Structures are given as C-alpha cells and as structure tokens.
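Read the structure below first, then the notes.
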Amino acid sequence: MDPIVELKNITFKYQPEDSRPAIDHVSLEIYPGEWIAIIGHNGSGKSTLAKTINGLLLPNEGEVRVAGQILSEETVWGIRKAVGMVFQNPDNQFVGATVEDDVAFGMENQGVPREDMVTRVKDALEQVRMSDFATREPARLSGGQKQRVAIAGVVALRPDLIILDEATSMLDPEGRFEVIEAIKKIKEESQLTVISITHDIDEAANANRLFVMKQGQLVKKGTPEEIFSEGPKLIELGLDLPFPEKLKQVLKERGLSVPDSYLSEEGMVEWLWTSVLNK
Amino acid sequence: MMNKLIFGRYIPGDSFIHKLDPRTKLLGSFYFIGIIFLANNWQSYLFLAAFTLVAIALSKISFTFFWKGVRPLLWLILFTVALQMFFTSGGIVYWQWGILQLTEFGVRNGIFIFCRFVLIIFMSTLLTLSTPPLELSDALEYVLRPLKAVKFPVHEISLMLSIALRFVPTLMDETEKIMNAQRARGVDFGEGNLIQKMQAIVPLLIPLFVSSFNRAEDLATAMEARGYQGGEGRTKYRILHWQRRDTAVVVVFALLTVILIGLKS
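Have a look at this one:
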C-alpha cells in the first residue's frame, strides 16, 4: 500500500538566519487508515510539521508527498482538498456567523453546488451530533461544541486525511472526550487517516503509531506499547507518562515486581486482579 | 455591557416583518427615510406615524425596545428641536427675548423635526431588531452588487462585514475578561479625571489589539487551510428568497409615496 503522507528529509526554518531549524531533517511515512499521534514538548516542531503537510508552510529542503502529489505552489490547493485541518483555538477558526455557515464555508470555497451543500452540511452535523445547533451563533456554544463544528466543517469536505493540531488542548476533559469520540466514529465510518498532534498522553495512547519530536527532530517512531515501555526515559523527552505507567512506577517503589512491558489501562486492570488472585 | 446596546441588536421572532426578505427591509427603511422629507403638513405626518405604528405592530416586538432606541438620542433631538423653535421666524409671534423668539412657524417646524427624528429612529430600529446581522450583511452585499462594474471589491467588503459581525460578541467577552483581569491587578476604570480615565484604558486597549492580531492570524490560517482563495469560483450556501409578501411591501411603499404627494401642501 502506498503511503498517504511521505516526508523525505524535510528541513524548515522560519527565518533563513535562524540557527536551529524548526524542523530538522525529518522523514516519515503515514499509511491510509492509520491514527498517528505526534507528541513532544512545546517548541519541538510538531505544529510546524503539521503545517508543512498541507502546504501552509513550504519546506526549505526535502520533499512532501501527500495523496500522490508532490507539494509545490501549483499542487498546494489540490493537497488542501485532501487534507482537513482542525486547529487549537475554537474561537479563532470559526469563520461563519452560524454553525451551518461555518460548516458550509469550506464547500463554498470549493464551489460545491448549493443543493449538495445543504445535504452535506446536514450529514456532517449529524455525524458530530450538532444537528440541533445548526442555526446557533458561535457565542452561544461551548468550546467542545465549537470544535465539533470545526470537525464537521472538515468532514463535509470529505478529506482523506484529518490533522488535529492540538484540537483538544483548550477543552475541558468532557469536551476533549466528546471531540475524540466524534473523530473515532467518523474515522471508522469513512476510512480516514488521522494525524493528531497532542500533549494529552492518554489521547496518544489510543493511536496506532506514535512519533516523538524533540528540537525539530523525529527522535522516535513506534506503537504506543513500544514508546511507553521506555518508561521514565519519556520524562527526559519532556513527556508525561500514561496513567498505568505512573501506577507501575509507584508500585515498583513500594517493592512490587511489575511487568516491564507497557500495559494499557485494561491490561493493567487484568494484571492487577490476576496478580492479587495468584497470591 | 450587551444589554445597554439596543442598536444593532436582534430580537428573534417569526412575525410578518421578521419573515420579509432582508433586502426589502434594508431598501424599505432607506426609502422611508427618503420619503419622510415629502411630508410637510399635519395630515402627512399623522399618516406616516400611523404607517410606522402599523409596521411596529406587525413585527410583534414590544414597544419598549423602540423607546430604548430613541432614549439615548433624546437630548440631541430636543436640542435640534429647540434650535428650530427659537430661531425660526414667521407667523404669529408668541414670545420674544432678544434674538430668541417663539413663533407659530417655529413651533410647527420644531414639532415636525421631532416627528421626523422619532419616525426615522423607529424605522431603523425596526430594521435592526427584526433582521439578524448576518442577513443584513447578505442584503448589503446584494444591494452593492452593481458596484462590481466599477471594480468595487463587493465580496471582500461583505466577507469583512460578516466576519466583523461574527466577532463582535467574542471581542465583547474578551474586553470584559481583560477589564476584570486588570481590575484584579488594581486598575481603576472610569475613576479620576479625564486624563486618568484615558490612561486606565491603555492596559485594556493594548492587550485587546494584540489579541485581535493573533486572532486574525489564526483565522487567516484556518481559512486558508479550508481552501479559501478569494471570491472567484465560490458558491453560496445562503440564498435570499424574494416572496410574495416582499412584492406586497413594495406596492405598499408605492401607495405611500402617492398618498404623501397627494397630501403635500
């Protein structure tokens, strides 16, 4: 299977005189249907990387290939059709004056006929469970609701790839859960590829693969199990540990022998009750 | 803060006036302001007042809102009326002191000016109260469309207008947040003399400006990511429907004009 996103040795500097590039020789492939989480501390180049994927930034060196097209000035609008992006601040990316206008905005840009738009707006709002709010203004919505509208706006464009650029970082735990659940559901229904840039380690634990960034470089790639089994070393990379891993650390300090491999929350529960019964 | 501003507020409803096409309402209120200058005697003003009251009644919006629209302008109106009353000469002189005189014509002119002001404010308040801001900007875009011929950037202007309208409540919230945050740090708003008051505004204004710049950048990025390339080749989600009731309103306005010309002395 051909990768949907392929970065070959990308380097990007915001200013030519910058001593350290924001992205430093990064290469990666992402395959259709994958859920990728890109993690790393602040200033590690995660968001810059996301912006190079849909051509908001053109790299100084290297080649970006998205959905079979090589990124250049000519192909950038075609690539943006294939890539939907949801940003961090729910207020600042809400273009429309009402929910339905905002969902329609991207389609208006692509010149979708009006009859099509009406049905697609309706479907997209249903997918994120916001149909009852179609005529509401953004000022009367919660943060999580605004992000769900932003997702609906992206989904209505039927992209192959959705990039969530810290889309849940300004939400409360409830809003975060709602948004992630909405994306999960849509991903299952339409075979999307998702790239999620996140600080939320529990969100990252749900991904198929993790990419760890540090100072503009891609320092680690792997499944959550592989990455999280590094344990305390993650803290040196400026990352937090997932909850089961933290629990393991505390149990270890109390002298219990815990398995070395990474356990998900369910795995942890399994291990806990079996080990108690075995005693 | 929002409660004080009656201007530009929208009262949701589904009356006859609410359901009218925004273009009808926009052009109708402009036209009304134009033909109000046709009236020049008691009968015509009485007739216009009756027309306005019927329009207000049709909107089913409580009259207090209209009164609130007039109230902030009351001093301006009374000042103009007073000027008219005391400086117009002609007819029977009721009272005189130096150059000030109260005459028959003066009183009449004063009352007419008062009616004119109040009726204009009532009509424009009716427009903003019964039309959502977004529909108003749609109507404006439509009305401005002929200006495309002279290279006027109609799409850009209407996009700016609708984004501006959409950010008004967001920025209001933010202003309040910054004000409270600065108050918590000891800034006194609205205290002291004029210079002190102006100085107190600075810690509110600068963060508001900076955050608006950041917002603008975020919004531009988000718009670009969603494929916005300018007005060319765009379709529109929102369309305006001209209905039979709009034609009826046009007929009513035509009749109104004829009657006013007939009543003119």
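Protein sequences appear in the order of chains H and P.
Last residue of the first sequence: 279 (our numbering), numbering continuous.
Last residue of the second sequence: 1265 (our numbering), numbering continuous.
Backbone N, C-alpha and C fix where the C-beta goes; we use that ideal spot for every residue, glycine too.
Keep in mind the model is a prediction, meaning the values are calculated, not measured.
Practice problem: Return helix, strand or coil for P:Met1001, following the three-state DSSP convention. | Solution: Within the second sequence, residue 1001 of chain P is the residue found at index 1, counting from 1. Because P:Met1001 carries a pLDDT of 41, less than 50, the predicted location of this residue cannot be relied on, and no value is offered for it.
Quiz item: So what does DSSP say about H:Thr75, is it helix, strand or coil?
Solution: Locating residue 75 of chain H in the first sequence gives position 75, where the first residue counts as 1. Here H:Thr75 sits in coil by DSSP.
Exercise. Report the partner residues of P:Trp1095 according to the DSSP bridge assignment.
Key: Your numbering for residue 1095 of chain P matches position 95 in the second sequence. According to DSSP, which records beta bridges pairwise, P:Trp1095 is partnered with P:Leu1102.
Quiz prompt | C-beta neighbour in chain H for P:Thr1170, strict 7 Å | solution = Within the second sequence, residue 1170 of chain P is the residue found at index 170, counting from 1. Cβ-Cβ to chain H under 7 Å: yes for P:Thr1170.
Quiz item: Going along chain H in order, which residues have a C-beta closer than 7 Å to the C-beta of P:Gln1229?
Solution: Counting from one through the second sequence, the residue named residue 1229 of chain P turns up at place 229. Those are Trp77, Asn109, listed as they occur along chain H.
Self-check item: Where H:Ser261 falls: helix, strand or coil (DSSP)
Solution: Walking along the first sequence from the start, residue 261 of chain H turns up at place 261. Of the three classes helix, strand and coil, the one that applies to H:Ser261 here is coil, per DSSP.
Quiz item: With H:Ile39 and H:Leu218 assumed to form a contact (beta carbons below 8 Å), what rounded beta-carbon distance in angstroms separates them?
Solution: The residue labelled residue 39 of chain H in the question sits at position 39 within the first sequence. The residue labelled residue 218 of chain H in the question sits at position 218 within the first sequence. Not a contact, Cβ separation roughly 11 Å.
Quiz item: H:Asp91 to H:Ser47, Cα distance in whole Å?
Solution: Mapped onto the first sequence, residue 91 of chain H falls at position 91. Mapped onto the first sequence, residue 47 of chain H falls at position 47. One C-alpha to the other measures close to 18 Å.
Self-check item: Continuous alpha helix (DSSP H) assignments of at least 4 residues falling wholly in the stretch 1041-1121 of chain P
Solution: 1042-1059, 1063-1070, 1074-1087
Quiz item: Whole-angstrom Cβ separation of P:Leu1126 and P:Ser1062, contact assumed at under 8 Å?
Solution: Along the second sequence, read from residue 1 onward, the residue named residue 1126 of chain P stands at position 126. Along the second sequence, read from residue 1 onward, the residue named residue 1062 of chain P stands at position 62. Wrong, their Cβ atoms sit about 12 Å apart, outside the cutoff.
Exercise. Using a Cβ-Cβ cut-off of 7 Å, state whether H:Val95 counts as contacting chain P.
Key: Counting from one through the first sequence, the residue named residue 95 of chain H turns up at place 95. So yes, H:Val95 belongs to the interface.
Quiz item: Along chain H, in chain order, which residues have C-beta atoms closer than 8 Å to that of P:Ile1239?
Solution: Reading the second sequence from its first residue, position 239 is the one you call residue 1239 of chain P. Going along chain H in sequence order, the residues near P:Ile1239 (Cβ under 8 Å) are Arg114.
Quiz item: Taking Cβ positions only, does H:Ile80 come closer than 7 Å to chain P?
Solution: The residue labelled residue 80 of chain H in the question sits at position 80 within the first sequence. Reading the sequence as shown, one finds Arg at residue 80 of chain H and not Ile. Taking Cβ atoms only, chain P reaches closer than 7 Å to H:Arg80, which makes this a yes.
Quiz prompt | Every unbroken beta strand (DSSP E) within the stretch 206-239 of chain H, with a cutoff of 3 residues, ordered by chain | solution = 209-214, 217-222
Quiz item: What alpha helix (DSSP H) runs, 4 residues minimum, are completely inside the stretch 172-201 of chain H?
Solution: 173-190
Exercise. State the start and end residues of the unbroken alpha helix (DSSP H) segment that holds H:Gly144.
Key: On the first sequence, residue 144 of chain H is found 144 positions in, with the first residue counted as 1. Unbroken alpha helix (DSSP H) run through H:Gly144: 143-155.
Self-check item: 7 Å Cβ cutoff, H:Met85 in contact with chain P
Solution: Residue mapping note: residue 85 of chain H aligns to position 85 of the first sequence, counting from 1. H:Met85 counts as touching chain P.
Practice problem: For chain P, find out if any of its Cβ atoms is closer than 7 Å to the Cβ of H:Asp172; answer yes or no. | Solution: For the purposes of this step, residue 172 of chain H is taken as residue 172 along the first sequence, with counting starting at 1. H:Asp172 does not count as touching chain P.
Quiz item: Taking the C-alpha atoms as reference points, what is the distance between H:Lys187 and H:Arg158?
Solution: To locate residue 187 of chain H, count along the first sequence from 1; it is residue 187. To locate residue 158 of chain H, count along the first sequence from 1; it is residue 158. Rounded to the nearest angstrom, the two C-alpha atoms are 11 Å apart.
Exercise. Name, going along the chain, the residues of the stretch 1204-1225 of chain P whose beta-carbon falls closer than 9 Å to a beta-carbon of chain H.
Key: Asn1214, Arg1215, Ala1216, Glu1217, Asp1218, Leu1219, Thr1221, Ala1222, Met1223, Glu1224, Ala1225
Exercise. With distances taken Cα to Cα, identify the nearest neighbour of P:Gly1090 among P:Asp1021, P:Glu1104, P:Ile1017, P:Leu1255.
Key: Start at 1 with the first residue of the second sequence, and residue 1090 of chain P comes out as number 90. It is P:Glu1104.
Self-check item: Proximal residues of chain H, C-beta to C-beta of P:Arg1234 below 9 Å
Solution: As a first step, residue 1234 of chain P must be located in the second sequence, where it is residue number 234. Simply Glu108, Asn109, Gln110, Gly111.
Practice problem: Please classify H:Asn109: does DSSP put it in a helix, a strand, or coil? | Solution: In the first sequence, counting from the first residue as 1, residue 109 of chain H sits at position 109. Residue state, collapsed to three classes: helix.
Quiz item: Is there a Cβ from chain P that is less than 7 Å from the Cβ of H:Lys122?
Solution: Stepping through the first sequence from its first residue, residue 122 of chain H is reached at position 122. Not an interface residue.
Practice problem: Mind listing the chain H neighbours of P:Ser1162? Cutoff is C-beta to C-beta under 7 Å, in chain order. | Solution: The residue labelled residue 1162 of chain P in the question sits at position 162 within the second sequence. Going along chain H in sequence order, the residues near P:Ser1162 (Cβ under 7 Å) are Ala97.
Self-check item: Residues of its chain near P:Ala1049, where Cβ-Cβ distance is below 8 Å and the 5 sequence neighbours each way are ignored
Solution: Translated into the one-based positions of the second sequence, residue 1049 of chain P becomes position 49. Closer than 8 Å at Cβ, skipping near neighbours: Cys1115, Leu1119.
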